Structure formats: C-alpha cells, structure tokens
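> Supplied in structure tokens, the structure appears directly below.
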Amino acid sequence: MLNKNLKNILLLSICYFVLPSSNFLKAQQKADRPNILWITCEDMSANLPMYGDSTIKTPNLSKFSEESVKYTRMYSVAGVCAPSRSGIITGMYPPAIGTQHMRTGTGGEKDPSIPSYQAVTPAEVKAFPEYLRAAGYYCTNNEKTDYQIGEPFTVWDDCSKDAHWRNRPVDKPFFAVFNIMSTHESMIWKNADKPLRVNPEDIKLPPYYPESPIIRKDIARYYDNIMLMDSIVGTILKQLENDGLAENTIVFFFSDHGAALPWYKREVYERGLHVPFMIRFPDKKGAAQTHNQLLSFMDLAPTVLSLAKIPVPKYINGQAFLGDQKAVTPRKYIFAARDRLDEHYDLVRTVRDEKFQYIRNYQPEKLNYMDIGFRRQMPMMMEILRLKDVKKLDNVQSRWFSEKPVEELYDLENDPFEINNLANSLIHQSKLKELREVQNNWSLQIKDKGFMSEKDMVNLMWPGGKQPITNKPEAKILNQHKNSLEVQLTSLTEGASIGYKIGDLGSWQLYHQSIKVKQGVKLYAKAIRYGYKESEKVLINGVN
Numbered sequence: 109m110l111n112k113n114l115k116n117i118l119l120l121s122i123c124y125f126v127l128p129s130s131n132f133l134k135a136q137q138k139a140d141r142p143n144i145l146w147i148t149c150e151d152m153s154a155n156l157p158m159y160g161d162s163t164i165k166t167p168n169l170s171k172f173s174e175e176s177v178k179y180t181r182m183y184s185v186a187g188v189c190a191p192s193r194s195g196i197i198t199g200m201y202p203p204a205i206g207t208q209h210m211r212t213g214t215g216g217e218k219d220p221s222i223p224s225y226q227a228v229t230p231a232e233v234k235a236f237p238e239y240l241r242a243a244g245y246y247c248t249n250n251e252k253t254d255y256q257i258g259e260p261f262t263v264w265d266d267c268s269k270d271a272h273w274r275n276r277p278v279d280k281p282f283f284a285v286f287n288i289m290s291t292h293e294s295m296i297w298k299n300a301d302k303p304l305r306v307n308p309e310d311i312k313l314p315p316y317y318p319e320s321p322i323i324r325k326d327i328a329r330y331y332d333n334i335m336l337m338d339s340i341v342g343t344i345l346k347q348l349e350n351d352g353l354a355e356n357t358i359v360f361f362f363s364d365h366g367a368a369l370p371w372y373k374r375e376v377y378e379r380g381l382h383v384p385f386m387i388r389f390p391d392k393k394g395a396a397q398t399h400n401q402l403l404s405f406m407d408l409a410p411t412v413l414s415l416a417k418i419p420v421p422k423y424i425n426g427q428a429f430l431g432d433q434k435a436v437t438p439r440k441y442i443f444a445a446r447d448r449l450d451e452h453y454d455l456v457r458t459v460r461d462e463k464f465q466y467i468r469n470y471q472p473e474k475l476n477y478m479d480i481g482f483r484r485q486m487p488m489m490m491e492i493l494r495l496k497d498v499k500k501l502d503n504v505q506s507r508w509f510s511e512k513p514v515e516e517l518y519d520l521e522n523d524p525f526e527i528n529n530l531a532n533s534l535i536h537q538s539k540l541k542e543l544r545e546v547q548n549n550w551s552l553q554i555k556d557k558g559f560m561s562e563k564d565m566v567n568l569m570w571p572g573g574k575q576p577i578t579n580k581p582e583a584k585i586l587n588q589h590k591n592s593l594e595v596q597l598t599s600l601t602e603g604a605s606i607g608y609k610i611g612d613l614g615s616w617q618l619y620h621q622s623i624k625v626k627q628g629v630k631l632y633a634k635a636i637r638y639g640y641k642e643s644e645k646v647l648i649n650g651v652n
C-alpha cells in the first residue's frame, strides 16, 4: 500500500520570491565574472571514448576531455527530456513542482478531462537564468526549452535558433546554452536513409537486446548520430576560440538523460539516468582529471550561480559542487522519478548511493514496457516486439514485458546491467531497508505530487481547468526629476516575474530593481507567473 502521508500530499507550497539586492548586483556587475557556456545534447548515455566506449571516434569531444574535468557519476532526475529539463532550469525535482509527467502539454491524451497545461510552480521558484540576468549576465538559449512551465519571456535575453553570445551588448558576461538535436531518439529513423559510417557488425549488443540485423543497424545509427553531434560541438568551440573568449569561459558538456534506445530512454535504471558530464575551465584547471563523486542535475543551477558569485536560493533542491558556495558535504544519494509517459501512467521512484540502486514500483501490476506510439516509429522497437511474439527473447530480454516487482535492488559494481534483483536477498536486507527509508523520506520531503492524480494536481494549479492570468504590472514613481523618472514596478500576482522595455524597438529586460527613464520615453511592462497566462502589455501611466 502507498504511504498514507504520500497519498495526502495535495497542496502546493507558496512562498515569496526575492531577487538579490541592488547593492549586491551593482557590486557583482563590476566584478570580473566568467562567461559560462553549456553545450548539451539529447538522449545519449556515456557512449564516448573518454568513458571507455571505443565504438566510434569523437575527435572534438576527445580533445575537449583532455582539457576538462571528467565527471563519471552525473545523473538526470528522469529518463526523459521534459521532466529532466524542468529540473535543470529550476533546480527543483520535477515531482516537487508538478512537472513530473511527460508532458504537461499532452495530459489529455490519457484523460480528455485534463487540459493541455503548464505547471504552476511554487511562487518562490524561478528559472535560474533570471538570477544571472539580474546580476548583469546576457543569457541565451538555442533553442529547445521543454520546461513544462510554459516559456516565460523573463528567463532569456534571447531564446531562438539565432540565440548566440555574439549578440550580447559590449562588456556583458554571458550564459549561453546550445542544445544539439542530432542524437535525439527521432533521428534514428529520420536519418535512416543517410550513409552509415558505423559498421553494424562492430556493435556490442547489451544483454537487453536479441541478435538482429535491424537492431544492430539502429544502434549503429545511434552512434553515427553521436558523431554528427561531435562535429557540431567542434563548431561551437571553434567559434568561442575565434572570438577570443575561450580563456574567460567555463564550458559544460552533458546529455539530458540516457540513450535514445528502447529500455534505456524513459527508464530510471542506471542506463536511463547516467550521462556524460565534463567541464573545461579557462585556465584548464583539473585538465584530464576524473572525479567520481555523485552528482545530480539538481546541482547544475546552484553550481552555475556559485561560479558566477550569485547567492544560491535556499529553496533549490540541489547543492553547488564548485565555486564559493560549494557544499561542504558531498552528495550521498541520487534521486529520480518516472510518471506518465505520453499516453501511459506509471509511478516509480528510485534512489542510489555509491554502490546500490533501489527502485520502488508503486504500480507493480503494470508492465515495465509501455506501448508508446512515438517509440514505435523506431525499426528496432518493432523488431523487438516481433521477436517477443515469436518467443525469441531470452529471460533477461523478456523481463521488459513482464509485471514489475514492488521493489528492486541492484549492486551496480558487480551487476552494471542490473540483471540480478537483490530485493529478496537475505544478506542485502539492511541495505534494502536503508534505501527504502531514504526514498520514502525524500518523497515526503519534496511533497511528491506524483501521489495525487494528475487531474487533481492540475485542478490545484488551474482551478476549473482554466489557466490563471498574471496581473498586469503597476507603476509607482519613486523620484521625479526635470528630465527623468525613477519607476518601481510590481504585480499583484504572487511570484510574478516582470519584464520591461524602453521604447517601441527595445528588447524585454528583466525587472529586478527600480529603473530610470527619460521623460517622454515610452516604458512598456508585462508580467508572468510561471504556469499562468502572461499579463497584457501595459504602457506605464505618467511616463509617456
């Protein structure tokens, strides 16, 4: 039975959001701050030479790894992109803020009474680039979002296919994100007609897959797509070098979750959560070193803020592992979740420590396998289903199509493929009990919203199934001079972010402190609470 406390978690927490003080921000704007560049890719496990997989060569990432610190234990908080990305951008576990389903925008596929929605996060929760923007950083995203909270206009200076650090104002530090789609699951079938550089016969099949030319070909395509991604990484790094910025830019490389393959992606096993992760520092500090500490995507936001010398908000679930605010105590556990995936519901929670992974299946009557329409476009998925029907799968391979045990426990050191479930092993009962309690306490601590129906959760966020509307900004004139005004902007909507622009051709800036405007110049403002509908744009009275 589900824990009664978990069943009764129905309320969203509400707190106030406070940006750093203006004095702090002014001091930081004068400081010498590093640029920060994220290069991310889709749907890729650590299938790279520097992680011990010699199937292909990746010259650009291999060179990058020689100049970087390589982290061997970075984990996503979900085995699929939207929940994972919502966690990255907010620093919050998806079940803590209602972004755990894949996706919020497709809830109605399973239940027509659930609208396509955007998660309303607790009032204090902000996408962390807002803190960077408030401190003077120019923030860009090229271009995928998938945050489950809508696309708040206050998060980025530019979020588009043209977003680039090159568009920033002179002398502004930047935080730039480039998301590379080449390795996405869909590219396995979309690139099927392109020449294949990887020999399918050279593929080492994991024990999850039966022998089949179709399966080998799709896995070879997966590796080929990694090679395409590597070339794009090289282009971005070359641009950074040509711009003379490599010596003042911290560069991160990682994937959003595990491999774009059946029984990898969408899973909370090691193969679905473990990702490659490398950081290159401007002075090549730590170059070619390997770090083995446990890290979570929850740690990315606080670490970036720490490196930028911006106070890390207390509400964030993760902890910084670099910079002035580096945590004193290393992370002991990794947590992740699996909930609705497209049209199919599930409820799985997991925790791992240095050696063991514990998985709790709260709906064990459901199969491991979900018949997801999107995935059926992959030839190897259809081949696995065909081989299942003709009984050509062995005991390990056929487990995907069986009901789940209530609990799973794996020794990752001695059983990296997670084949031998130790939950019933007498000598492992102490570890089972420990991790069971850790997982249960974690769900209680974050007020896990996976334990309420999606319909009830959405109704709390959008009462009556209707999206709330952010109250428009209001202005207060703090000081009036002969040629200028000092204006304060507020919104009655708790937790709303406010943006403003000066003049008809200006770009939207994040409001974080009073602004000075020349008399006679138009000042526009609008507000957004994450998950709400954006307010109307207003021309501030008394300024024009």
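Numbering-wise, this note's numbering comes out as the position in the sequence shown, counting from 1, plus 108. Cβ coordinates follow ideal geometry from the N, Cα and C atoms, glycine included. These numbers come from a predicted model, not from an experiment.
To the nearest angstrom, how far is the alpha carbon of residue 657 from that of residue 558?
There is simply no residue 657 to check, as the chain begins at 109 and stops at 652 in what is shown.
> When the Cα atoms are used, what is the spatial distance from residue 514 to residue 539?
What you label residue 514 is simply residue 406 of the sequence shown in a count that begins at 1. What you label residue 539 is simply residue 431 of the sequence shown in a count that begins at 1. Spanning the two alpha carbons is a distance of roughly 16 Å.
> Here's the rule I'm using: 16 or more other beta-carbon atoms within 10 Å means buried, otherwise exposed. How should residue 374 be labelled?
Indexing the sequence shown from 1 puts residue 374 at position 266. Buried, since its Cβ has 16 or more Cβ neighbours within 10 Å.
> Say whether the segment 621–641 touches the segment 569–587, bearing in mind that this needs 3 or more beta-carbon pairs closer than 8 Å, one atom from each stretch.
yes
> Taking a contact to mean a Cβ-Cβ separation below 7 Å, would you say residue 273 touches residue 316 in this structure?
In the sequence shown, residue 273 corresponds to position 165, counting from 1. In the sequence shown, residue 316 corresponds to position 208, counting from 1. No, the Cβ-Cβ distance between residue 273 and residue 316 is not below 7 Å.
> Decide yes or no for the touch test of the segment 259–266 against the segment 612–626: beta carbon pairs closer than 8 Å, at least 3 of them.
yes
> Evaluate contact between the segment 180–199 and the segment 433–445, counting only Cβ atoms and requiring at least three cross-stretch pairs below 8 Å.
yes
> For residue 386, does the three-state DSSP call read helix, strand or coil?
Your numbering for residue 386 matches position 278 in the sequence shown. Correct three-state label for residue 386: strand.
> What first and last residue would you give for the beta strand (DSSP E) that runs through residue 182?
The residue you call residue 182 lines up with position 74 of the sequence shown. From DSSP, the beta strand (DSSP E) with residue 182 extends over 177–183.
> Could you tell me which of 242, 156, 566 and 625 sits nearest to residue 166, measuring between CA atoms?
Residue numbering aside, residue 166 sits at position 58 when the sequence shown is read from its first letter. Closest by alpha carbon: 156.
> Pick helix, strand or coil for residue 197, following the three-state DSSP scheme.
Here residue 197 refers to the residue found at position 89 of the sequence shown. Residue 197 falls in the helix class under three-state DSSP.
> Give the straight-line distance between the Cα atoms of residue 599 and residue 583, rounded to the nearest whole angstrom.
In the sequence shown, counting from the first residue as 1, residue 599 sits at position 491. In the sequence shown, counting from the first residue as 1, residue 583 sits at position 475. For residue 599 and residue 583, the distance between alpha carbons rounds to 9 Å.
> Please classify residue 177: is it buried, with 16 or more other beta-carbons within 10 angstroms of its beta-carbon, or exposed?
To locate residue 177, count along the sequence shown from 1; it is residue 69. So residue 177 counts as buried.
> In this structure, what does DSSP give as the bridge partners for residue 452?
Counting from one through the sequence shown, the residue named residue 452 turns up at place 344. Bridge partners of residue 452: 449.
> Taking residue 505 as part of the beta strand (DSSP E), name the residues at either end of that continuous run.
As a working mapping, residue 505 is identified with position 397 in the sequence shown. Residue 505 -> not in any beta strand (DSSP E); alpha helix (DSSP H) instead, spanning 503–506.
> Comparing C-alpha positions only, which one of 564, 309, 412 and 287 sits nearest to residue 86?
Past the boundaries of the shown model lies residue 86; the chain is included only from 109 to 652, so the question cannot be answered.
> Mind reading off the beta-carbon distance from residue 295 to residue 333? Whole number of angstroms is fine, and I expect it under 8 Å.
Within the sequence shown, numbered from 1, the residue matching residue 295 stands at position 187. Within the sequence shown, numbered from 1, the residue matching residue 333 stands at position 225. Confirmed, about 5 Å.
> Where residue 303 and residue 530 are concerned, what is the direct C-alpha to C-alpha distance, given to the nearest angstrom?
For the purposes of this step, residue 303 is taken as the residue at position 195 of the sequence shown. For the purposes of this step, residue 530 is taken as the residue at position 422 of the sequence shown. When rounded, the distance between both Cα atoms is 44 Å.
> Taking a contact to mean a Cβ-Cβ separation below 7 Å, would you say residue 146 touches residue 285 in this structure?
In the sequence shown, counting from the first residue as 1, residue 146 sits at position 38. In the sequence shown, counting from the first residue as 1, residue 285 sits at position 177. Contact flag set, yes.
> Distance, Cα to Cα, residue 359 vs residue 180?
The sequence position of residue 359 within the sequence shown is 251, counting from 1. The sequence position of residue 180 within the sequence shown is 72, counting from 1. Distance between the alpha carbons of residue 359 and residue 180 is about 17 Å.
> Please state whether the Cβ-Cβ distance between residue 200 and residue 233 is less than 7 Å.
Taking the sequence shown and counting its residues from 1, one reaches residue 200 at position 92. Taking the sequence shown and counting its residues from 1, one reaches residue 233 at position 125. Yes, Cβ-Cβ distance for residue 200 and residue 233 is below 7 Å.
> Should residue 406 and residue 380 be called a contact, given that it needs their Cβ atoms to be closer than 7 Å?
As a working mapping, residue 406 is identified with position 298 in the sequence shown. As a working mapping, residue 380 is identified with position 272 in the sequence shown. Remark: C-beta atoms of residue 406 and residue 380 do not approach each other more closely than 7 Å.
> If you count every other CB in all the chains shown that lies within 10 Å of the CB of residue 396, and 16 or more means buried, which is it?
Locating residue 396 in the sequence shown gives position 288, where the first residue counts as 1. Per the 10 Å Cβ criterion, exposed.
> In chain order, what residues of the same chain have a beta carbon less than 8 Å from the beta carbon of residue 323, not counting five sequence neighbours either side?
One-based indexing of the sequence shown puts residue 323 at position 215. Here the set comprises 313, 317, 488, 491 and 492.
> When burial is assigned at 16 or more other CB atoms within 10 Å of the CB, is residue 401 buried or exposed?
Taking the first residue of the sequence shown as 1, we reach residue 401 at position 293. Per the 10 Å Cβ criterion, exposed.
> If you reduce the DSSP assignment to three classes, tell me which class residue 146 lands in.
The sequence position of residue 146 within the sequence shown is 38, counting from 1. Strand at residue 146.
> By the three-class DSSP mapping on this structure, what secondary structure does residue 394 have?
Start at 1 with the first residue of the sequence shown, and residue 394 comes out as number 286. Of the three classes helix, strand and coil, the one that applies to residue 394 here is coil, per DSSP.
> Whose C-alpha, out of 605, 213, 563 and 570, is nearest the C-alpha of residue 580?
Numbered from its first residue, the sequence shown carries residue 580 at position 472. If we check each option's Cα against that of residue 580, 605 comes out closest.
> List, from N- to C-terminal side, the alpha helix (DSSP H) runs of 4 residues or more that fit wholly inside the segment 284–338.
The alpha helix (DSSP H) runs of length 4 or more contained entirely in the segment 284–338 are, from start to end of the chain, 295–298.
> For residue 592, which residues of its own chain have a beta-carbon under 7 Å away from its beta-carbon, when the five flanking residues on both sides are left out?
If you number the sequence shown from 1, residue 592 lands on position 484. Cβ neighbours of residue 592 beyond the five flanking positions: 624, 625, 626 and 627.
> I'd like to confirm the pairing. Which residues does DSSP put opposite residue 592 in its beta bridges?
Numbered from its first residue, the sequence shown carries residue 592 at position 484. Per DSSP, 626.
> Excluding the 5 residues flanking residue 432 on each side, which residues of the same chain have their C-beta closer than 8 Å to its C-beta?
Taking the first residue of the sequence shown as position 1, residue 432 is located at position 324. The answer, listed in chain order, is 414 and 417.
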